[in-house]
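A short worksheet on the structure shown next.
2 protein chains.
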Amino acid sequence: MNGEDSLGSFGSPVLGRIRIVLSHPSHPGNIGAVARAMKTMGLERLYLVAPKLFPHAEADARASGATDVLAQAVVCATLEEALSGTVLTAALTARRRDLALPFRWARDAADELVSTAVAGEGADVALVFGNETAGLSNAELSRCHIPVMIPANPAYPSLNLGSAVQIMCYELRLAALSPGEPPSNEVNLATADEIEGFYAHLEEIAITSGYLKPASPKRLMLRLRRLFSRTRLEQEEVNILRGLLSAFRKSPSDDCNR
Amino acid sequence: MNGEDSLGSFGSPVLGRIRIVLSHPSHPGNIGAVARAMKTMGLERLYLVAPKLFPHAEADARASGATDVLAQAVVCATLEEALSGTVLTAALTARRRDLALPFRWARDAADELVSTAVAGEGADVALVFGNETAGLSNAELSRCHIPVMIPANPAYPSLNLGSAVQIMCYELRLAALSPGEPPSNEVNLATADEIEGFYAHLEEIAITSGYLKPASPKRLMLRLRRLFSRTRLEQEEVNILRGLLSAFRKSPSDDCNR
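These protein sequences, in sequence, are chains F and Z. Numbered according to this note's numbering, the first sequence spans residues 12 to 269. Numbered according to this note's numbering, the second sequence spans residues 12 to 269.
Structural data, given as structure tokens:
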């Protein structure tokens with residue numbers, strides 16, 4: 012189920028050691044949405060405790076391209092069974108409980124699950140989600156080490172099950188894998204002398220056009236430098252701007268005055 | 012639509028200045044899921060550019076308790092109209108584009124939107140999401156200042172529209188409002204002398220029970236101290252543990268030996 016090949020394709024062996032456990036899910040559509048949310052973030056190990064309806068066409072439909080996660084989901088009779096072999100268990104809860112362990116916010120819990128999975132040398136960790144309506148029972152919650160909350164609008168903290176799993180898997184992915192620099196297109200930045208050439212050209216055209224008084228050019232040029240300095244001009248852009256300036260100079264109205 | 016009263020209930024005037032714009036959404040269910048995702052994170056200003064079906068019963072059903080966000084949604088004919096008056100526009104995109112501006116990851120883009128909304132003194136900022144299948148057109152993307160990507164599994168980056176909005180609104184909430192300490196139950200931690208009293212009691216019982224050899228008690232007691240030091244013992248817990256120790260001493264087998 013989670014051999015090296017399969018894990019390799021998800022980019023992180025750590026993510027392959029995290030079980031997402033749904034306890035008593037009522038709606039097969041939600042199970043599908045959870046599978047999709049997991050796979051988008053590189054998680055694949057879904058455990059279902061006593062699902063009301065599974066497998067189900069609606070689960071497959073909502074899973075979209077993540078039906079493989081559903082196909083390899085492990086259906087268990089009890090939460091105990093789903094947690095067998097795990098060394099750390101976190102459980103999402105939307106409300107404070109009496110006698111609960113100290114709560115963690117989503118981000119901190121994700122960090123702790125990932126660092127335990129790293130330190131655990133092959134042992135699994137688990138993140139448990141309760142039933143859509145009732146949440147987790149106190150007995151279920153008492154089997155888990157870390158109660159987790161997602162920071163939410165106190166007036167309406169009602170996240171959909173798939174959305175809660177999506178946020179947690181997003182945080183788990185960020186905890187496991189630095190995303191690095193965002194993708195960028197190749198750019199050739201203009202050099203300082205190319206940019207100075209552009210400013211000289213611009214000032215000359217501003218003077219010959221009559222917009223800029225040669226006696227007090229400084230403030231206008233400072234403002235224009237301020238504008239262009241906020242971006243990083245590319246060589247191609249400097250060429251376009253200087254081409255435009257040259258075209259302005261040769262404009263028909265100018266020709267008439269010669 | 013976003014008067015002080017309404018903003019107040021969401022906990023942050025900054026979140027009230029962020030427009031979530033859906034361009035050409037195809038499925039009314041997704042519009043409902045977006046409204047729910049927004050409201051869970053305290054956002055309420057939904058703009059819909061040329062939605063295929065809206066209003067719609069399926070949108071209301073998926074919105075669950077967030078039908079108020081749908082009721083006050085602004086339907087526009089064009090993206091230009093939805094962005095009118097905004098001072099910064101970010102746009103979610105799943106793929107790299109030619110001639111795109113530098114990309115930002117979700118978290119950094121959320122920080123930038125929030126800090127611009129704070130600095131903007133009342134001006135709106137916007138976050139734009141494209142059609143479920145086609146995404147944003149290049150013309151639409153060129154109207155936006157920041158292309159945003161959510162770090163995802165490169166083998167399956169296909170986030171559902173509602174899920175993408177959920178993650179972005181979660182990041183916007185965290186950028187706008189520090190969640191503070193996670194909720195905690197009141198606990199009365201045991202004092203150092205109470206804990207020392209427990210260790211003395213434990214050592215005494217360990218010796219009288221014959222488990223611990225009085226000649227070399229140190230290593231066992233060090234291990235037991237190590238165990239209990241990893242948690243923060245509460246007064247009530249020390250009382251329970253000492254009660255258990257006292258009960259063990261008075262156990263029937265012990266009585267028989269007297």
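Just so it is clear, CB atoms sit at the ideal spot from N, CA and C, and this is done for glycine as well. In this text, all values refer to a predicted model and were calculated from it rather than measured experimentally.
Per DSSP, cross-strand counterpart(s) of residue i
| i | result |
| --- | --- |
| Pro158 (chain Z) | Z:Ala102 |
| Val32 (chain Z) | Z:Tyr58, Z:Val139 |
| Glu92 (chain Z) | Beta-bridge pairing links Glu92 (chain Z) to no other residue. |
| Gly40 (chain F) | DSSP output for Gly40 (chain F) lists no bridge partner at all. |
| Arg115 (chain F) | F:Val159 |
| Thr97 (chain Z) | Z:Asp135 |
| Val86 (chain F) | F:Leu59 |
| Gly146 (chain Z) | Z:Asn142 |
| Glu197 (chain Z) | Paired residue(s): none; Glu197 (chain Z) is not in a bridge. |
| Glu245 (chain F) | F:Leu200 |
Top-ranked residue by Cα proximity to residue i, from the options
| i | options | result |
| --- | --- | --- |
| Arg106 (chain F) | Z:Asn196, Z:Phe209, Z:Ala72, Z:Glu69 | Z:Asn196 |
| Cys87 (chain F) | F:Lys224, F:Ala166, F:Ile31, F:Glu182 | F:Ile31 |
| Gly221 (chain F) | F:Tyr167, F:Gly131, F:Phe259, F:Glu182 | F:Phe259 |
| Gly146 (chain F) | F:Leu64, F:Leu172, F:Leu231 | F:Leu172 |
| Asn250 (chain Z) | Z:Arg236, Z:Leu223, Z:His212, Z:Arg237 | Z:His212 |
| Ala134 (chain Z) | Z:Glu151, Z:Ser95, Z:Pro225 | Z:Ser95 |
| Ala150 (chain F) | F:Lys50, F:Arg108, F:Pro194 | F:Arg108 |
Euclidean distance between Cα positions of residue i and residue j
| i | j | result |
| --- | --- | --- |
| Ser257 (chain Z) | Thr219 (chain Z) | 12 Å |
| Gln177 (chain Z) | Glu245 (chain F) | 36 Å |
| Arg241 (chain Z) | Leu252 (chain Z) | 16 Å |
| Glu91 (chain F) | Ser153 (chain F) | 11 Å |
| Glu69 (chain Z) | Gly43 (chain Z) | 7 Å |
| Met232 (chain Z) | Tyr210 (chain Z) | 8 Å |
| Pro168 (chain F) | Asp204 (chain F) | 56 Å |
| Leu26 (chain F) | Met160 (chain F) | 20 Å |
| Thr64 (chain F) | Lys229 (chain Z) | First, the amino acid is wrong: residue 64 (chain F) is Leu here, not Thr. Their Cα atoms are separated by approximately 56 Å. |
| Ala191 (chain F) | Arg243 (chain F) | Residue identity check: residue 191 (chain F) is Gly in the sequence provided, not Ala. Straight-line Cα distance between these residues: approximately 21 Å. |
| Cys180 (chain Z) | Leu103 (chain F) | 19 Å |
| Arg115 (chain F) | Thr127 (chain Z) | 29 Å |
| Asp71 (chain F) | Ala48 (chain F) | 13 Å |
| Ala166 (chain F) | Val80 (chain Z) | 13 Å |
| Lys261 (chain F) | His67 (chain Z) | 58 Å |
| Ala117 (chain F) | Pro113 (chain Z) | 29 Å |
Neighbourhood of residue i by C-beta distance below 6 Å, restricted to the same chain and skipping five residues each side
| i | result |
| --- | --- |
| Ala93 (chain Z) | Val32, Tyr58, Val60, Cys87 |
| Leu188 (chain F) | Ser23 |
| Gly40 (chain Z) | Glu69, Arg73 |
| Ile157 (chain F) | Ala101, Arg115, Ala120 |
| Leu223 (chain F) | Ala217, Leu231 |
Cβ-based neighbour list, residue i, same chain, cut-off 8 Å, excluding 5 preceding and 5 following
| i | result |
| --- | --- |
| Leu183 (chain Z) | Leu26, Ile29, Met52, Leu54, Ala121, Leu124, Val125, Leu138 |
| Gly131 (chain F) | Arg28, Val98, Leu99 |
| Glu248 (chain Z) | Ala201 |
| Asn268 (chain Z) | In this prediction, Asn268 (chain Z) scores a pLDDT of 46, lower than 50, which makes its location untrustworthy; no coordinate-derived value is stated. |
| Tyr206 (chain F) | Checking the sequence shown, residue 206 (chain F) turns out to be Ile, not Tyr. Only Phe239, Leu244, Val249 meet the Cβ criterion. |
| Asn199 (chain Z) | Glu245, Gln246, Glu247 |
Own chain partners of residue i with C-beta closer than 7 Å, once the 5 adjacent residues on each side are dropped
| i | result |
| --- | --- |
| Asn142 (chain Z) | Ser34, His35, Pro36, Ser37 |
| Leu170 (chain Z) | Ile161, Ala163 |
| Ala46 (chain Z) | Leu57, Ala74, Ala77, Val80, Leu81 |
| Val129 (chain F) | Val25 |
| Leu235 (chain F) | Leu213 |
- Message: Count Cβ pairs between the segment 210-218 of chain Z and the segment 72-89 of chain Z that sit closer than 8 Å; are there 3 or more?
- Response: no
- Could you please tell me which residues of the segment 160-182 of chain Z, in chain order, have their CB closer than 8 Å to any CB of chain A? The structure shown contains no chain A; its protein chains are F and Z.
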